[in-house]
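Notes for the one structure printed next.
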Amino acid sequence: SLFRFQPGSAAQVRRLVVCEAAIDALSFAALDRVRTPDTMYCSTGGAMGPETKAAIRAHLADMRQIADAVLIVATDDDDAGDGFADTLYGLAEEAGVEFARRLPPDRSKDFNSTLKNMAAAAA
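To convert, note that position 116 of the sequence shown is 121 in our numbering; the numbers rise steadily by one, no gaps.
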């Protein structure tokens with residue numbers, strides 16, 4: 006299954022951000038300086054089974070005709086995250102949608118760790 010969070014009200018998704026865990030998707034959204042109403046934040050729940058792949062494919066198919074549509078791969082900065090990223094790159098290429106990888110700016114394992122580090126530094 007695919008966790009989805011779209012804080013904006015756009016009818017179509019132009020920017021799809023995929024993380025491994027829901028908390029990372031929400032953390033990415035909190036840190037995202039490029040957030041637009043047509044951005045959707047998703048997580049795979051740490052797995053890429055057939056239903057999850059089908060849900061991502063459906064979003065990418067809808068995005069195919071949208072100018073500047075992009076899949077943002079925000080998986081963990083580890084070997085498992087790299088494997089998920091490779092799978093997501095393949096799905097984006099298959100759909101004809103541009104893709105880019107985003108890693109935590111502080112080189113944490115994931116975006117939730119980055120958000121926690123920022124909160125601790127601000128305290």
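All C-beta atoms, glycine included, are put in the ideal place defined by N, C-alpha and C. For clarity, every value in this text was computed on a predicted model and none was experimentally measured.
Contact belief for residue i with residue j at Cβ below 8 Å, rounded distance in angstroms
| i | j | result |
| --- | --- | --- |
| A90 | R107 | Between R107 and A90 the Cβ distance is about 10 Å, and since that is not below 8 Å, they are no contact. |
| V23 | L65 | Incorrect: roughly 10 Å between the Cβ atoms, too far for contact. |
Span of the beta strand (DSSP E), counted from its first residue to its last, around residue i
| i | result |
| --- | --- |
| L7 | Segment: none, L7 is in no beta strand (DSSP E) and carries neither H nor E. |
| S48 | T44 to S48 |
| R106 | E103 to R106 |
Rounded C-alpha distance that separates residue i from residue j
| i | j | result |
| --- | --- | --- |
| S48 | A128 | 29 Å |
| Q17 | L31 | 20 Å |
| P12 | A60 | 19 Å |
| P42 | F8 | 18 Å |
| Y46 | A125 | 24 Å |
| E99 | T119 | 31 Å |
| R19 | L96 | 16 Å |
| T92 | A15 | 27 Å |
| D83 | K114 | 7 Å |
Distance cut-off 6 Å: residue i Cβ against heavy atoms of the ligand ADP
| i | result |
| --- | --- |
| A63 | This structure lacks the ligand ADP; in fact it carries no ligand of any kind. |
Alpha helix (DSSP H) segment containing residue i, residue limits
| i | result |
| --- | --- |
| A127 | F116 to A127 |
Exposure label - residue i; buried when at least 16 CB within 10 Å
| i | result |
| --- | --- |
| V39 | exposed |
Q: At 3 residues or longer, and completely inside the segment 8-89: list those beta strand (DSSP E) runs for me, N to C.
A: 8-10, 20-24, 44-48 and 75-78
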